[in-house]
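Engineer: The structure under discussion is supplied below as structure tokens; questions concerning it will follow.
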Amino acid sequence: MKKITLFLVLTVFLLTSCQSAHLDVITLDEVVSSFEDQQLDMEENENLNNNRIFQMKLNGVYPSSYELEGKLLSVYIYHSVEEREKGLEDFHHKTATMNLVSYNVYKIDNIFIFYVYEHDRSKDVKVDDAIKAALSKVEERNE
């Protein structure tokens, strides 16, 4: 009886230890690749300005910044959904009394993205649909 119990315990141990760890974290490379798949031409913005509202450090993370259709796109990547939510809370806390330009925020798993279109609503609809499609593809890959 002890041998059967020991055999079952070892079998369960081996099966669980041999499974690959599946982390549901999205990487910057996955985001960029998905945007490229949607023919969204992003140019890396080398001029990170920590004084700009949409490029500030949120919950310990600085964004990767890009230009998309001539507008700012800031990608914040965290280790978990909880950290991402804390980053958004940090943003809302820091900007609560500010009068901000128009922007969209996109959340998926461990990332959020600001697309700052300011007052140009014509670009918003076209780009908004493309960003949503790109993020949907990223989400599908990680399921």
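Taking mature numbering (1 follows the signal peptide of the UniProt record, and there is no 0), I'd label the letters of the sequence shown as residues -23 to -1, 1 to 120. Here a beta-carbon is modelled for each residue, glycine too, at the ideal position from N, C-alpha and C.
1) Does Ser57 come out as helix, strand or coil in the three-state DSSP assignment?
2) By the three-class DSSP mapping on this structure, what secondary structure does Asp106 have?
3) Taking DSSP's pairing of strands, which residues face Asn76 in a bridge?
4) Taking the continuous alpha helix (DSSP H) assigned at Leu45, which residues delimit it?
5) For a test of the three-state rule: what should DSSP assign to Lys84, helix, strand or coil?
6) Going by DSSP, what residues sit across from Glu95 in a beta bridge?
7) Nearest-angstrom Cα distance between Val102 and Tyr92?
8) Just the C-alpha distance for Val52 and Thr74, rounded to the nearest angstrom, thanks.
9) Excluding the 5 residues flanking Asn22 on each side, which residues of the same chain have their C-beta closer than 6 Å to its C-beta?
10) Using 9 Å as the threshold, is the C-beta distance between Phe31 and Gly64 below it?
Structural biologist: On the basis of the coordinates in this document:
1) Sequence index remark: in the sequence shown, residue 57 carries index 80 (1-based). In this structure, Ser57 counts as coil in the three-state DSSP scheme.
2) The residue given as residue 106 occupies position 129 in the sequence shown. Looking at Asp106 - three-state DSSP - the assignment turns out to be helix.
3) Here residue 76 corresponds to residue number 99 of the sequence shown, with the count starting at 1. Asn76 pairs with nothing; no bridge assigned.
4) Locating residue 45 in the sequence shown gives position 68, counting from the first residue. First-last for Leu45: Ser41 to Leu45, but that is the beta strand (DSSP E), not the alpha helix (DSSP H).
5) Taking the sequence shown and counting its residues from 1, the one referred to as residue 84 is at position 107. Residue state, collapsed to three classes: strand.
6) For the purposes of this step, residue 95 is taken as the residue at position 118 of the sequence shown. The partner list for Glu95 (beta bridge, DSSP) reads Ser79.
7) Taking the first residue of the sequence shown as position 1, residue 102 is located at position 125. Taking the first residue of the sequence shown as position 1, residue 92 is located at position 115. Whole-angstrom Cα-Cα distance: 12 Å.
8) As a first step, residue 52 must be located in the sequence shown, where it is residue number 75. As a first step, residue 74 must be located in the sequence shown, where it is residue number 97. If you take the alpha carbons of Val52 and Thr74, they lie about 23 Å apart.
9) The residue labelled residue 22 in the question sits at position 45 within the sequence shown. Hits under 6 Å: Ser42, Tyr43 and Glu44.
10) Reading the sequence shown from its first residue, position 54 is the one you call residue 31. Reading the sequence shown from its first residue, position 87 is the one you call residue 64. No, the Cβ-Cβ distance between Phe31 and Gly64 is not below 9 Å.
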